[in-house]
Structures are given as structure tokens and as C-alpha cells.
Amino acid sequence: MAAPVVLVTSRHAAAVTYEDDSVTTTQHVPALPIRVCVALVEGGLAAGGEICLIRRERDAGAQYSLPGGLLHPDEQVPEGLARELREELGVDVDALPERPRLLWAQDQVTTRPGRPGTFRRLHLVHLLAVDREVRAALPAAELDAEDRTRVVWVTLAEAAGLHLYPPVGPALGGLTGPVADVLLPPVTDRTYAWR
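This is the structure:
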């Protein structure tokens with residue numbers, strides 16, 4: 108292959124153009140940051156099933172979140188989800204009998220207190236059934252947290268009333284089986300307040 112002569116960059120990708128006019132993309136940066144997260148459920152979706160959440164104390168009250176985080180620019184969704192579960196909870200997805208499956212997608216367009224501009228995310232919420240053995244092996248706090256956290260388990264019905272990020276609590280509270288629509292209502296300043 109010929110030597111590169113031009114480096115073309117944008118907020119979406121960095122590409123190298125070669126003398127023979129071929130273009131090689133070297134890094135993809137999504138225009139919309141993608142956050143992968145998972146609802147780890149023990150005991151099934153029926154009454155009594157419990158979900159793993161990460162609890163953080165904020166000045167305005169407790170903030171709960173589904174385990175997860177942003178995809179790296181070079182990651183596929185399954186890889187990023189596996190990495191986040193390993194980093195936050197020490198879970199080896201490859202050792203589990205089931206894989207996380209996509210449950211919902213939720214767009215977020217909000218503002219954040221003290222930060223200029225619009226805050227954008229696309230949340231890809233997955234469901235992963237775990238057994239008591241996996242649950243018992245989880246840490247008491249998020250492993251890679253920069254703040255104080257606790258790993259807690261609550262019923263799906265209880266999750267519906269919590270300040271949860273992304274705000275999928277009401278959808279979790281009504282979850283009893285396969286979902287008909289994977290697209291949840293968007294997260295906006297009207298539907299969500301930062302803590």
C-alpha cells in the first residue's frame with residue numbers, strides 16, 4: 108500500500124487517505140455517545156425478582172444506576188457491555204450460561220447543572236438473568252467507582268419508584284416478559300432531574 112499523504116479528521120472519524128485514493132478509517136467516534144447498561148435480574152421477572160443497582164449518595168438524595176458505561180470508540184456493543192460488567196462488578200459474561208439481550212433503547216437530550224450545552228446519550232439497556240451464585244459473588248460496592256457506592260438489590264416494583272439512571276424504573280416495574288417496543292420515551296429535562 109502507498110504511503111499516507113493526507114489525514115482527514117472529523118468528530119465522527121479519523122481517516123487516512125493513501126496515494127491510490129483508498130481511505131482507511133483508523134478510529135470511529137460516534138456523534139452520539141452510547142451508554143450500555145444491564146439490568147441484572149435474579150429470581151426471574153415474576154413477582155419477587157430482584158434487580159442489581161448501584162447506589163450513590165447525592166446532596167439531593169440517593170441516585171441509583173444500572174451497571175454500565177460508555178462504549179469506547181473501537182468497541183462493539185457486546186464487548187463494551189462485557190467490559191463494563193467486569194470493571195464494575197467483576198462479572199465474567201463469557202462464564203455465564205446466558206448472554207445479555209437488548210431490552211430497550213432510550214435517547215437522552217438534557218442539560219446538566221453547572222455544565223454548558225446539551226448532554227446527549229443513547230442508552231442501550233440489556234437484560235441478564237443471574238442465579239444466586241452469581242449474585243452472592245458480586246462486590247458490595249462498584250469496583251471502579253470514583254465515589255462512594257453500594258451495590259443493592261431491589262424488587263422490580265421497588266425500582267419503579269427510585270431515582271434511577273437511566274430512568275427506566277417505571278418500565279422495569281411493569282416488566283413481566285418480552286417487551287413489545289424496545290424504544291422507551293426520551294429522557295428530557297421535563298422527565299429527568301440530575302442529582
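For the sequence shown, the residue numbers in the numbering used here are 108 to 302.
Glycine residues also receive a C-beta, built at the ideal position from the N, C-alpha and C atoms.
Cβ pair Glu149, Val237 closer than 8 Å: Locating residue 149 in the sequence shown gives position 42, where the first residue counts as 1. Locating residue 237 in the sequence shown gives position 130, where the first residue counts as 1. Result yes, Cβ atoms of Glu149 and Val237 sit closer than 8 Å.
Less than 6 Å between C-beta atoms, sequence neighbours within five positions excluded: which residues of the same chain meet that for Ile141? Residue 141 sits at position 34 when you count from the first residue of the sequence shown. Leu178, Leu229.
Which partner residues does Gln170 have in the DSSP bridge list? Within the sequence shown, numbered from 1, the residue matching residue 170 stands at position 63. Answer is Arg163.
Report the rounded CA-to-CA distance for Asp166 versus Leu271, giving the unit in angstroms. Position 59 of the sequence shown, counting from 1, holds the residue named residue 166. Position 164 of the sequence shown, counting from 1, holds the residue named residue 271. So the two alpha carbons sit approximately 15 Å from each other.
Local Cβ density within 10 Å of Gln183, reported as buried at 16 or more and exposed below that: Residue numbering aside, residue 183 sits at position 76 when the sequence shown is read from its first letter. Of the other Cβ atoms in all chains shown, fewer than 16 fall within 10 Å of the Cβ of Gln183; this residue is therefore exposed.
Whole runs of the alpha helix (DSSP H) within the segment 181-244, excluding any shorter than 4 residues: 184-196, 239-244
For Glu253, name the three-state secondary structure that DSSP assigns. The residue given as residue 253 occupies position 146 in the sequence shown. In this structure, Glu253 counts as coil in the three-state DSSP scheme.
Exposed or buried, Gly151, counting other C-beta atoms within 10 Å across all chains shown (16 or more means buried)? Reading the sequence shown from its first residue, position 44 is the one you call residue 151. By the 10 Å Cβ count, Gly151 comes out exposed.
Which residues share a DSSP beta bridge with Thr175? The sequence position of residue 175 within the sequence shown is 68, counting from 1. In the sequence on display, residue 175 carries Gly and not Thr. Looking at the DSSP assignment, Gly175 forms a beta bridge with Cys144.
When the Cα of Cys159 is compared with those of Thr295, Glu265, Pro292, Arg302, which residue comes out closest? Along the sequence shown, one-based indexing puts residue 159 at 52. Of Thr295, Glu265, Pro292, Arg302, the residue nearest in Cα terms is Glu265.
According to DSSP, simplified to helix, strand and coil, what is Leu290? Within the sequence shown, residue 290 is the residue found at index 183, counting from 1. Of the three classes helix, strand and coil, the one that applies to Leu290 here is strand, per DSSP.
Stretch pair the segment 233-248 + the segment 187-205: three plus CB contacts closer than 8 Å: A contact exists between the segment 233-248 and the segment 187-205.
Is the distance from the Cβ of Leu291 to the Cβ of Ala278 below 8 Å? Reading the sequence shown from its first residue, position 184 is the one you call residue 291. Reading the sequence shown from its first residue, position 171 is the one you call residue 278. Yes. Within cutoff.
Which parts of the segment 254-279 are runs of the alpha helix (DSSP H), unbroken and 4 residues or longer, counting only runs that do not cross its ends? The alpha helix (DSSP H) runs of length 4 or more contained entirely in the segment 254-279 are, from start to end of the chain, 263-266.
Note down the Cα distance separating Val241 from Leu209, rounded to an integer number of angstroms. The count along the sequence shown starts at 1 and reaches residue 241 at position 134. The count along the sequence shown starts at 1 and reaches residue 209 at position 102. Approximately 20 Å between the Cα atoms of the pair.
Whole-angstrom distance between Leu203 and Leu188, CA atom to CA atom: Position 81 of the sequence shown, counting from 1, holds the residue named residue 188. Position 96 of the sequence shown, counting from 1, holds the residue named residue 203. Whole-angstrom Cα-Cα distance: 14 Å.
Write down the C-beta distance between Ala212 and Leu173 rounded to the nearest angstrom, noting that I regard them as a contact closer than 8 Å. Start at 1 with the first residue of the sequence shown, and residue 212 comes out as number 105. Start at 1 with the first residue of the sequence shown, and residue 173 comes out as number 66. Rounded, the Cβ-Cβ distance is 14 Å, inconsistent with contact.
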